[in-house]
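**Q** Here it is, the structure, as structure tokens.
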Amino acid sequence: RKEVEQDPGPFNVPEGATVAFNCTYSNSASQSFFWYRQDCRKEPKLLMSVYSSGNEDGRFTAQLNRASQYISLLIRDSKLSDSATYLCVVNSFSGTYKYIFGTGTRLKVLA
Amino acid sequence: NAGVTQTPKFQVLKTGQSMTLQCAQDMNHNSMYWYRQDPGMGLRLIYYSASEGTTDKGEVPNGYNVSRLNKREFSLRLESAAPSQTSVYFCASTSSYNEQFFGPGTRLTVL
């Protein structure tokens, strides 16, 4: 089983739609959780950190469920510019911080 | 602030040639990382440096060496390039909130 698993997609949604991505992780000792966005042939860029109580940044909402070991990302009112690959990243500490990246979920927002 | 910079952006090598990928950050971060990204796979850690003067192996260190020259700079060296090292290489540095910031990447092809 992969340490971090994501549905690869692609998710094709119309502009204005709400879309949700899930990510599961296997290490129960994981401490920090992030969503990154990666555009084609570009570097990953931090979208948001995910906090235990859940957090929101504009149209984006992230949730963490430690009991079930998954995190989610909800995008409301999708824009064409949201088209990208979304990476789930989990961090744990074992002498030093170790980051495990999911393979990403592709989103395409259609006009 | 430039954030994380990497050079070169593109490189083509012949099997057996050597090269060094350069990375620098101006955010005063202690930890720096080198990853490779291949199609269908998440980012995989090659080497990391928790602080100036220390380096440690990651998941896929074979065929690579690193140098943490000072707090700003962390270089990755391929001593004898192989076709299996064809990949996109990303350098990252980590904030005190454990958020990773990535450079623009180096696209390397080994023939």
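In order, the protein sequences belong to chains A and B. Using the working numbering, the first residue of the first sequence is number 1, and each one after it goes up by one. Using the working numbering, the first residue of the second sequence is number 1001, and each one after it goes up by one. All residues carry an ideal CB built from backbone N, CA and C; glycine is no exception.
Count the other CB atoms within 10 Å of the CB of B/Gly-1040; is the residue buried (16 or more) or exposed (fewer)?
**A** That one is exposed.
**Q** Quick one: Cα of A/Gln-6 to Cα of B/Leu-1108, how far?
**A** Rounded to whole angstroms, A/Gln-6 to B/Leu-1108 spans 27 angstroms at the Cα level.
**Q** Looking only at DSSP bridge pairs, what is A/Lys-2 linked to?
**A** BP columns for A/Lys-2 are empty, so no partner.
**Q** Taking Cβ-Cβ distances shorter than 9 angstroms, what residues in chain A pair up with B/Asp-1056?
**A** Neighbours of B/Asp-1056 on chain A, chain order: Gly-95, Thr-96.
**Q** Count Cβ pairs between the stretch 1002-1013 of chain B and the stretch 83-102 of chain A that sit closer than 8 angstroms; are there 3 or more?
**A** Counting Cβ pairs under 8 angstroms, fewer than three are found: no touch.
**Q** Within a Cβ cutoff of 7 angstroms, which residues of the same chain sit near B/Leu-1078, ignoring the five residues on either side of it in sequence?
**A** Ser-1018, Met-1019, Gly-1063, Tyr-1064, Gln-1085.
**Q** Assign A/Ser-52 to buried or exposed, taking buried as 16 or more other Cβ atoms, counted over all protein chains shown, within 10 Å of its Cβ.
**A** Label assigned to A/Ser-52: exposed.
**Q** For B/Val-1066, which residues from the same chain have a beta carbon less than 6 angstroms from its beta carbon, with the 5 sequence-adjacent residues on both sides left out?
**A** Cβ neighbours of B/Val-1066 beyond the five flanking positions: Tyr-1047, Thr-1055, Leu-1076.
**Q** Got a sec: is the Cβ-Cβ distance from B/Ala-1024 to anything in chain A below 7 angstroms?
**A** So, not an interface residue.
**Q** Where B/Thr-1106 and B/Val-1060 are concerned, what is the direct C-alpha to C-alpha distance, given to the nearest angstrom?
**A** For B/Thr-1106 and B/Val-1060, the distance between alpha carbons rounds to 17 angstroms.
**Q** With hydrogens ignored, establish whether the beta-carbon of A/Glu-5 is closer than 6 angstroms to any heavy atom of the ligand ATP.
**A** Of the ligands one can find in the structure shown there are none, so the ligand ATP has no counterpart to examine.
**Q** Using DSSP's beta-bridge definition, name the partner residues of B/Val-1060.
**A** Partner(s): none; B/Val-1060 has no beta bridge.
**Q** Give, in chain order, every unbroken run of the beta strand (DSSP E) that is at least 3 residues long and sits entirely within the stretch 23-79 of chain A.
**A** You should have 32-38, 44-50, 55-57, 60-65, 70-75.
**Q** By a C-beta neighbour count over all protein chains shown, 10 Å radius and 16 as the cutoff for buried, is B/Ala-1024 buried or exposed?
**A** It counts as buried.
**Q** Excluding the 5 residues preceding and the 5 following B/Phe-1090 in the sequence, name in chain order all residues of the same chain whose CB lies nearer than 7 angstroms to its CB.
**A** The residues are Tyr-1035, Gln-1037, Leu-1043, Phe-1102, Gly-1103, Gly-1105.
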